[in-house]
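Engineer:
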Amino acid sequence: MKVFVAGATGAIGRQLVPLLVEAGHEVHGMTRKEANRAILEELGAVPVVADALDPAQVAAAVARAEPDAIVHELTAIGDVDTRHMEKSFALTNRLRTEGTDHLLAAGQAVGVKRFVAQSHILAYARTGGGLKTEEDPGDRAPTAGMRPNLEAIEHVEEAVLGATWTEGIVLRYGWFYGPGTSMARGSEQAELIRKRKFPVVADGGAVWSWIHIADAAAATAAALERGARGTYNVVDDDPATVAEWLPELADELGAKPPRRVPRFVGRLFAGETGVVMMTELRGASNAKAKRELDWHPAHASWRKQLAAA
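Numbering follows the working numbering, with no gaps: position 187 of the sequence shown is 189.
1. Can you confirm whether the stretch 86-96 touches the stretch 105-123 when touching is taken to mean that 3 or more C-beta pairs between the two stretches lie within less than 8 Å?
2. DSSP three-state call for Ser121: helix, strand or coil?
3. Alpha carbon to alpha carbon, how far is Glu24 from Gly46? Give it in angstroms, no decimals.
4. Determine whether the beta carbon atoms of Val5 and Leu22 lie at a separation below 8 Å.
5. Report yes if the C-beta distance between Thr135 and Lys35 is below 8 Å; otherwise report no.
6. Grab me the residues of Ala108's own chain with a C-beta within less than 6 Å of its C-beta, minus the 5 sequence neighbours each way, in chain order.
7. Give me, in chain order, the residues of the same chain whose beta-carbon lies closer than 6 Å to that of Arg196; leave out the 5 immediate sequence neighbours on both sides.
8. Using only the alpha-carbon positions, how far apart do Ala242 and Ala225 sit?
9. Figure out for me which residue from Gly232, Glu75, Arg198 has the closest Cα to the Cα of Gly31.
10. Kindly list the residues whose CB is nearer than 6 Å to the CB of Asp83, restricted to its own chain and excluding five residues on each side of it in sequence; keep chain order.
11. So, are the CB atoms of Arg142 and Tyr234 less than 8 Å apart?
12. Judging by CA-CA distance, which residue of Ser303, Ile41, Arg293 is the nearest neighbour of Glu250?
13. Does the stretch 207-218 come into contact with the stretch 137-155, if we say contact requires no fewer than three beta-carbon pairs (one atom in each stretch) closer than 8 Å?
14. Excluding the 5 residues flanking Gly170 on each side, which residues of the same chain have their C-beta closer than 6 Å to its C-beta?
15. In this structure, what does DSSP give as the bridge partners for Arg174?
16. Helix, strand or coil for Arg262? Go by DSSP, reduced to three states.
17. If I follow the unbroken beta strand (DSSP E) through Trp167, where does it start and stop?
18. Comparing alpha-carbon positions, which option in Pro69, Gly268, Asp56, Ile123 lies nearest Val7?
19. Does the beta-carbon of Asp238 have 16 or more other beta-carbons within 10 angstroms, so that it is buried, or is it exposed?
20. Which of helix, strand or coil does DSSP assign to Val29?
21. Go to Trp212, then tell me how far its beta strand (DSSP E) extends in each direction, as first and last residue.
22. Thinking just about the alpha-carbon of each residue, which of Ala221, His122, Leu283 is nearest to the one in Arg293?
23. What runs of the beta strand (DSSP E), each 3 residues or longer, lie entirely inside the stretch 40-66?
24. At what residues does the alpha helix (DSSP H) containing Ile14 begin and finish?
25. Taking just the CA atoms, how far does His301 sit from Ala310?
26. On a Cα-Cα basis, can you pick out the residue from Val236, Gly206, Ala78 that is closest to Ser184?
27. If we count Cβ pairs, one from each stretch, closer than 8 Å, do we get three or more for the stretch 186-206 versus the stretch 262-280?
28. Could you spell out the range, first to last residue, of the alpha helix (DSSP H) harbouring Leu195?
29. Could you check the C-alpha separation between Ile123 and Glu44 for me, to the nearest Å?
30. Going by C-alpha distance, which of Gly9, Arg66, Gly140, Val267 is nearest Gln120?
31. Looking at the unbroken beta strand (DSSP E) that takes in Lys4, where does it start and where does it end?
32. DSSP three-state label for Ile79, please.
Structural data, given as structure tokens:
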């Protein structure tokens, strides 16, 4: 299969491209920076330099590649300020709206048979018990800071699944850890935990479903080859509350236990969005991905793995 990967030098892209090449696919990797050509060549891809927000450049790049499938992994996430999520994710939200539309238009012009796009379990409603499945509703009452992000995620899902001319597949990834992510060796989050500047807010009752970046890439390759139109949660087997994983990670990092602060104090340094992320999020089930994609995470649990990453 000839595969066009948009965002090929991102955290997932750097893991995904070699997997696809090893599986025998011809990979065309798109990046915005000319300097990334060498990286893509080393990964085994045909380098494609184009601005994802320029429809003419995207159309020309896809037309030259003439792919059978497109994988959309475009993001631009740097340091995240939960007090101003709308600013931290402004460019990523454009890539999830405008960038998605440009890739879909370019793909339709050349008749791609399959279109795989990135989404996130953050979009699930923060109500009800148990793990969220692909049939559960999205969050209809987000914080002001979360609203633009969730609207952008919703745009990706509706546009991709609504493209009747191709097999649209959406992957709702869990919280990434591993190389190139915000939870990696020397990352800002890890250092905050080491310095006891990442407290447990209130009861720390939010449930997080983690996924190692290599497992996310493996699931993406599986979806590309074996997925059917629809959505798949891509998470590990061990969802955990913040009150559980944060102290355990601190211990594994050799740090003192995290402080515990009431909700109103958490709101001062993390904003309402940060408090919600610590107290109200829901985890997700990976049963569908395991069943339909024949995929199983090599890192089945975040335990011991978060610190190792």
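Glycine included, every Cβ here is placed at the ideal spot set by N, Cα and C.
Structural biologist: If we stick to the structure as given:
1. These segments do not touch.
2. strand
3. 9 Å
4. yes
5. no
6. Contacts found: Val60, Ala61, Val64.
7. Leu255, Ala257
8. 25 Å
9. Glu75
10. Ser90
11. no
12. Ser303
13. no
14. Phe117, Val162, Leu163, Arg231
15. Ser121, Asn235
16. strand
17. Taken as a continuous stretch (DSSP letters only), Trp167 belongs to no beta strand (DSSP E), as it is neither H nor E.
18. Pro69
19. Asp238 sits buried, since 16 or more C-beta atoms from the chains shown fall within 10 Å of its C-beta.
20. Under the three-state reduction of DSSP, Val29 is assigned to strand.
21. 212-214
22. Ala221
23. 48-51
24. 13-24
25. 11 Å
26. Ala78
27. yes
28. The residue asked about is misnamed: residue 195 is Ile in this sequence, not Leu. Its alpha helix (DSSP H) spans residues 190-196.
29. 32 Å
30. Gly9
31. Note, Lys4: beta strand (DSSP E), 4-8.
32. coil
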